[in-house]
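A.B. asks: Going down the list, the sequences are from chains A and B.
End of the first sequence = 955 in my numbering, gap-free, step of one.
End of the second sequence = 496 in my numbering, gap-free, step of one.
Heads up, the beta-carbon is just placed ideally off N, CA and C, and yes, glycines get one too.
The structure that follows is given in the form of structure tokens.
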Amino acid sequence: MNKFDLIVVGGGHAGVEAAWIASQFDLDVAIVTLPDVGLASAPCNPSVGGVGKGQVVRELDALGGLMGRLADLAGIQYRTLNDSKGLAVQSTRVQIDKSRYSAFAEDIVSKTKNITVIRAKMLGASSLEGGFLVSTSQGDYGSKKLVMTVGTFLNGKLHQGMNQCSGGRVGVESSDSLLSLFSSIKKRPSRFKTGTPSRLLKGSIDTTKMVEQPSDPQTRNFHCMGEYSARNLPQVSCFLTHTNEKTLEIIRDNKEKSPMYNGQIQGVGARYCPSIEDKAYRYPDRNSHHVFVEPEGLDLDTVYPSGISSSLPAEIQEAFIHTIEGLESAVISIPGYAVEYDVVDTTELNLALEYKDIPGLYFAGQVNGTSGYEEAAGQGWVAGVNAALSCFNRAPVFLSRHDSYIGVMIEDLISNTRDEPYRLFTSRSENRLFIREDNAIIRMHPYRSYLLLQNGLDAFLERFVQKTQILSKICDEFIFPENSPDILEFFENQLSTMSRSLTLSELLKQAWLDPVRTLERVLIKFDIVFSKDVIRTVAIEKKYAGYITRFDEQFEKIKKMDGTHIDWEKISKSQNVSFECRSRIEKIKPSTFGQLKRIEGIRPATLAVVASQAL
Amino acid sequence: MIHDGKTVIACATGAQVNSAIAIIRLSGPFNLSDFSSILSRTTLTPMQMERGKLFDNGIEIDDICLCYFKNPKSYTGENLLELYVHGNILNVSRIIKLFTRLDFIREATPGEFSLRALQNKKLTLAQVEGLDLFLNANTPLALEQGMSLLHGELHQAYLDLLTLYKNHKANLELLLDFHEDVGEQEAKDNLHSSWDLLFKCIESLNSRLDPDSSRLLKPEIVLAGLPNAGKSTLFNKLLGEKRAIVSSVPGTTRDYIAENLKIGDCVFRLIDTAGIRLTVDDIESQGIHLSRERLSNAFFSLLLINPFEVETDQLADLLAGTFDLILFTHQDVSGFEQKCQNLVEQFPVLSGHSQLNTNNLSDISALRDSVNKKYLAATSSKPLLLKRHFDVISEVYGSAIRYQNTIRAQSDIGILSHELNTLGHCLQALLGIVSPDEVLDHIFANFCIGK
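If you want it as structure tokens, here you go:
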């Protein structure tokens, strides 16, 4: 029997990241993945990034993950979202060529000698002598650690109109009762549901009737060591069209044929990603919705119509699609469908995503009830890196919610049972002005250094951090004297000219100035050379420094409290904690005060007791 | 506060006097069958008055009415049992002992029922404060405002504030996280209109703030003056009984003395202070210190001057403060007019003084009238009485003004949301924490999301 240090079950975005980062530790890693699916495939929308998600991709990239590199290799349209709303809240989204994205992932993995890809169906798994035994259709394999990234394949069931079949996505068989041998693994009581729209043939749609959204040549590529904005592939456009009253009339008239409304689907879908049926039935007053037509690839002949995911019968889908401007004669290549699947109870996991009662077993990705490739990839990295560290008996690495969106997500997941699929929104973070795309390197550098991998990326990050420190110091100490001609140009349209001396940092804070362009212009004037990335990071840091410091001061105490480690066993034995709180604490096993605080139903009195006694 | 998961018991009506009925309350995770050894009823229909008997070792000790409230539909959110027993003091205490003999029952600590209601989210903190205000009210305004906070218009105003805040916050998040779903223009319009509503609500609460309002909660009438000015005499006259020791030896009142005095519908604290003078007597000087403190917190301050015994320096010192009323006493002593005139020449501030003959009933009732008038004027705008609410709303208002300026000057939504979080942080003290999930719930409930 072949033995590995780590087996990753599932070759999606979570699985590939988990296997890749673990392989960096020179461990023997295997990915068990279904024979007919490519690695890191994109079964839903053909894009990577988005509001909040772009930050995750850059965090992952600085941590040594693959997603940013793959997105750049396969990127065919770039956009900066929230462009007009301030530098702190901007996010990057890239449309990807699906087949190339997966092919690049296959290529990188195949060139990594210590990753073995086992293309087989998993039959079961069990604990074995301090490790795990994984049985597959290709034979049995042993491993010290096991990472489960099985996506929607846990008891997955497909719905399309009245047709139902077992499966995790269209054309792929599901791994039914995959966890039968892990009989003790707790699952969420109700299943989750997700859906995807019909794919349309590219040649059958008329984009001249739609609003074109071209690729933005200015948007920064994802990979921090790569080119700033030179693209690997030719760029194409997305197109915007709308549903109308006719579209919605057809959907509303066929309500009884919708599996979601006739009781056929019981699973809970995400409210932020409703099917077109949801939108039509729940908002009867709204008669137009955005439909973004996104290319699935340069060579693929299909497009992804974002916004009209549906599980209605194929002929009804076709009928309502034909009412949409530009899609009048669209040909459906694959009709939309919905999937119901089982989800692990994530309150049974710790901050390393390890199942608390079975050390060495990790869960990551959609099986944890999240949606989105980026959320999956972020968890994959956390599970993979901690599985690897535990192979060396090293302490796990926990990302904090105060400096990363990955940290926000993981803490949210393990603190509460979510009642719908979890997606990251920037509003979930308390520290949005600090958790930005531009400073991902600064934020992730300490975590990455902890891994002690010391390869090219580490040297790059180290240099980057040093350079930002130097430029930051220059900004603080560079003083323009009173009425300096050098900065008059920045005050052109302002009534008040600066009648006092001013540091460069202070100049960058002025509300009417774009700090990045201003810093660039000043540095050019004085022949000081820094890379575009370093300038951007420092300029934006200076712009928000005052707010961030104020936030830090305001929440200093809370932050300190939140980070304080607590002994949950001691607390749960305390006579001063109510029975109800005790049972919740025993279930979640919080390790910090912040986590305790975020447990649903924990009473203020318990917090007061813990704050006064345990801290 | 102890959280041992026990059922608690207490007498809910005052137990200090024998009365026809007393109400004893139990709250906690009990089952009615737990009481089978002492209570004749083991099943009761919730929220219906029923009849039963209490037994001690098989002997009937009281014939009672009782009402059962099943969790969560009870005041505390726990199972709650009310016993209407005969209100003899001894009876009440033996019934409480009867129950506390069971090891899962203990006596409640003061305020514990309300604390449990708070913890089980049956009441908000503001409601508990309202209840406290209501139960300990000395004035009609406090009664009214207590009830208003508990269930009435103020409670509703705070709920509105919470809803409007959530709504505005949701609109801001909509613009950042979901602008592709709802469209940029719609999101921007919503942002401004939702802020206008929220700001109006904050402004209207702010207009009810009166920095002096904490004095209205337990309004004090303070009698001040130099030693031997006749403060204690007036004190006794107002109360109609001899409470303060009266003598002509200066410095007789060393501490301050306080009594309740009802004027109109309102109960005031009438306070007789130690005469204020420079002294070497340590105890007396402590008393004088207290006098000055009382004066600065007074709702109504009276300065009494005995024109025959004035030490100019000390009077000048006193007159640096402000008083609602200045009275010259010892009107009946000969030479009074002349003495007064001399003083007015020396201290022009005294020109508007009144005279008081403590033996003249109409003088006393005129004094009562002017206190009542001031009280009615001060409460006509129904200012917020609770100091904590005053502080929080002032802070919220300050933060709202800053935010208002930001929303006008900034297009940077990141900064805007940062300022709004600061405002939200202030609001938490009044409304409780609004979690990101609640904001997202609000978004999904009110907007068609999903591109």
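For the candidate residues N102/B, I106/B, R96/B and Y113/B, whose alpha-carbon lies nearest to that of T90/B?
C.D. replies: The count along the second sequence starts at 1 and reaches residue 90/B at position 45. Per the Cα distances, Y113/B.
A.B. asks: May I ask you to list, following chain order, the residues of the stretch 582–599 of chain A that have a beta carbon less than 8 angstroms from some beta carbon of chain B?
C.D. replies: none
A.B. asks: Check whether the stretch 433–443 of chain B touches the stretch 245–260 of chain B, counting contact only when three or more Cβ pairs, one atom from each stretch, lie closer than 8 angstroms.
C.D. replies: The answer is yes - the stretch 245–260 of chain B touches the stretch 433–443 of chain B, with three or more Cβ pairs under 8 angstroms.
A.B. asks: Check the Cβ of R626/A against every Cβ in chain B and list those closer than 9 angstroms, keeping chain order.
C.D. replies: Here residue 626/A refers to the residue found at position 286 of the first sequence. Chain B residues near R626/A: C493.
A.B. asks: Using the C-alpha atoms, what's the distance from Q473/B back to F368/B?
C.D. replies: The count along the second sequence starts at 1 and reaches residue 368/B at position 323. The count along the second sequence starts at 1 and reaches residue 473/B at position 428. Spanning the two alpha carbons is a distance of roughly 39 angstroms.
A.B. asks: Straight-line CA distance for L262/B to R922/A?
C.D. replies: Here residue 262/B refers to the residue found at position 217 when the second sequence is read from its first residue. Here residue 922/A refers to the residue found at position 582 when the first sequence is read from its first residue. Taking the straight line joining both Cα atoms gives about 40 angstroms.
A.B. asks: By how many angstroms is the C-alpha of G175/B removed from the C-alpha of L372/B?
C.D. replies: Numbered from 1 along the second sequence, position 327 holds the residue referred to as residue 372/B. Numbered from 1 along the second sequence, position 130 holds the residue referred to as residue 175/B. A direct Cα-Cα distance of roughly 38 angstroms separates L372/B from G175/B.
A.B. asks: Once DSSP output is grouped into helix, strand and coil, what is the label at L519/A?
C.D. replies: Translated into positions along the first sequence, residue 519/A becomes position 179. In this prediction, L519/A scores a pLDDT of 48, lower than 50, which makes its location untrustworthy; no coordinate-derived value is stated.
A.B. asks: Mind checking which residues open and close the beta strand (DSSP E) that includes G464/A?
C.D. replies: Numbered from its first residue, the first sequence carries residue 464/A at position 124. Here the beta strand (DSSP E) through G464/A covers M462 to L468.
A.B. asks: Can you confirm whether H630/A, when its beta carbon is compared against all beta carbons of chain B, has any partner nearer than 8 angstroms?
C.D. replies: In the first sequence, counting from the first residue as 1, residue 630/A sits at position 290. Answer yes: the Cβ-Cβ gap between H630/A and chain B drops below 8 angstroms somewhere.
A.B. asks: On the three-state DSSP scale, how would you describe A670/A?
C.D. replies: As a working note, residue 670/A is residue 330 in the first sequence. The answer is coil: DSSP assigns A670/A none of H, G, I, E or B.
A.B. asks: Answer with yes or no whether the minimum CB distance from L221/B to chain A is below 8 angstroms.
C.D. replies: For this step, residue 221/B is matched to residue 176 along the second sequence. Under the Cβ criterion of 8 angstroms, L221/B is counted among the residues facing chain A.
A.B. asks: Whole angstroms is fine: what's the gap from N572/A's alpha carbon to E225/B's?
C.D. replies: By one-based count along the first sequence, residue 572/A stands at place 232. By one-based count along the second sequence, residue 225/B stands at place 180. Approximately 27 angstroms, taken between the alpha carbons.
A.B. asks: Write down every uninterrupted run of the alpha helix (DSSP H) in the stretch 513–594 of chain A whose length is 4 residues or greater and which is fully enclosed by it, in chain order.
C.D. replies: 585–593
A.B. asks: For L773/A, which residues in chain B fall below 7 angstroms Cβ to Cβ?
C.D. replies: What you label residue 773/A is simply residue 433 of the first sequence in a count that begins at 1. Under the 7 angstroms cutoff, chain B gives G459 and H463.
A.B. asks: Between the Cα of K343/A and those of E469/A, Q395/A, I656/A and L859/A, spot the shortest distance and give me the residue it belongs to.
C.D. replies: Locating residue 343/A in the first sequence gives position 3, counting from the first residue. Measuring from the Cα of K343/A, the nearest candidate turns out to be E469/A.
A.B. asks: Ends of the alpha helix (DSSP H) at A490/B?
C.D. replies: The count along the second sequence starts at 1 and reaches residue 490/B at position 445. Unbroken alpha helix (DSSP H) run through A490/B: P481 to N491.
A.B. asks: Would the beta-carbon of G132/B be found less than 7 angstroms away from any heavy atom of the ligand ZN?
C.D. replies: Here there are no bound small molecules, and the ligand ZN is not part of this structure.
A.B. asks: If distances are taken between C-alpha atoms only, which option among H487/B, C56/B and K307/B comes closest to I266/B?
C.D. replies: Looking up residue 266/B in the second sequence gives position 221. From the listed residues H487/B, C56/B and K307/B, the smallest Cα separation to I266/B is found for K307/B.
A.B. asks: Using a C-beta cutoff of 8 angstroms, does E95/B count as contacting chain A?
C.D. replies: For the purposes of this step, residue 95/B is taken as residue 50 along the second sequence, with counting starting at 1. Output row for E95/B: interface = no.
A.B. asks: By how many angstroms is the C-alpha of N708/A removed from the C-alpha of R734/A?
C.D. replies: Here the question's residue 734/A lines up with position 394 in the first sequence. Here the question's residue 708/A lines up with position 368 in the first sequence. Distance between the alpha carbons of R734/A and N708/A is about 25 angstroms.
A.B. asks: Please report how far the alpha carbon of D641/A lies from the alpha carbon of S669/A, in whole angstroms.
C.D. replies: Sequence index remark: in the first sequence, residue 641/A carries index 301 (1-based). Sequence index remark: in the first sequence, residue 669/A carries index 329 (1-based). Roughly 15 angstroms separates the two Cα atoms.
A.B. asks: Counting only beta-carbon atoms, is R768/A nearer than 8 angstroms to chain B?
C.D. replies: By 1-based counting over the first sequence, the position of residue 768/A is 428. Closer than 8 angstroms to some Cβ of chain B, the Cβ of R768/A qualifies, so yes.
A.B. asks: Quick check on the burial criterion: 16 or more other C-beta atoms within 10 angstroms. Buried or exposed for A365/B?
C.D. replies: Indexing the second sequence from 1 puts residue 365/B at position 320. Classification of A365/B: exposed, given that the 10 Å Cβ count is below 16.
A.B. asks: Could you tell me the distance, in whole angstroms, from the CA atom of K865/A to the CA atom of K872/A?
C.D. replies: In the first sequence, counting from the first residue as 1, residue 865/A sits at position 525. In the first sequence, counting from the first residue as 1, residue 872/A sits at position 532. One C-alpha to the other measures close to 15 angstroms.
A.B. asks: For chain A, check one thing: does any of its Cβ atoms lie closer than 8 angstroms to the Cβ of V484/B?
C.D. replies: Within the second sequence, the letter at position 439 stands for residue 484/B. It does; some Cβ of chain A falls within 8 angstroms.
A.B. asks: For V429/A, decide whether its Cβ has a neighbour in chain B, counting only Cβ atoms nearer than 8 angstroms.
C.D. replies: Numbered from its first residue, the first sequence carries residue 429/A at position 89. Answer yes: the Cβ-Cβ gap between V429/A and chain B drops below 8 angstroms somewhere.
A.B. asks: Here's a check: name, in chain order, each residue in its chain whose Cβ is nearer than 6 angstroms to the Cβ of K167/B, leaving out the five neighbours to either side.
C.D. replies: Here residue 167/B corresponds to residue number 122 of the second sequence, with the count starting at 1. Contacts found: G122.
A.B. asks: When you compare each of K807/A, V869/A, K883/A and Q806/A to L844/A by their alpha carbons, which one comes out closest?
C.D. replies: As a working mapping, residue 844/A is identified with position 504 in the first sequence. Here the closest residue by C-alpha is K883/A.
A.B. asks: Judging by CA-CA distance, which residue of L283/B, G191/B and L370/B is the nearest neighbour of N405/B?
C.D. replies: Here residue 405/B corresponds to residue number 360 of the second sequence, with the count starting at 1. Of the listed residues, the one whose Cα sits closest to N405/B is L283/B.
A.B. asks: Is the beta carbon of L541/A less than 8 angstroms from the beta carbon of V434/A?
C.D. replies: Residue numbering aside, residue 541/A sits at position 201 when the first sequence is read from its first letter. Residue numbering aside, residue 434/A sits at position 94 when the first sequence is read from its first letter. Cβ distance not < 8 angstroms, so L541/A and V434/A don't count as in contact.
A.B. asks: For M94/B, which of helix, strand or coil comes out of DSSP?
C.D. replies: Taking the first residue of the second sequence as 1, we reach residue 94/B at position 49. It is a strand residue.
A.B. asks: Please report the distance separating the alpha-carbon of I350/B from that of T424/B.
C.D. replies: Start at 1 with the first residue of the second sequence, and residue 350/B comes out as number 305. Start at 1 with the first residue of the second sequence, and residue 424/B comes out as number 379. The straight-line gap from Cα to Cα measures roughly 30 angstroms.
A.B. asks: Pair every Cβ in the stretch 754–769 of chain A with every Cβ in the stretch 679–694 of chain A, then say whether three or more of these pairs are closer than 8 angstroms.
C.D. replies: In short, these stretches touch, since the Cβ pair count reaches three.
A.B. asks: What are the boundary residues of the beta strand (DSSP E) that includes L57/B?
C.D. replies: Looking up residue 57/B in the second sequence gives position 12. A small fix is needed here, since residue 57/B is Ala in this sequence, not Leu. No beta strand (DSSP E) holds A57/B; DSSP gives it neither H nor E.
A.B. asks: How would you list, in chain order, the residues of chain A whose beta-carbon sits under 9 angstroms from the beta-carbon of Q455/B?
C.D. replies: In the second sequence, the residue the question calls residue 455/B occupies position 410. Simply G426 and A851.
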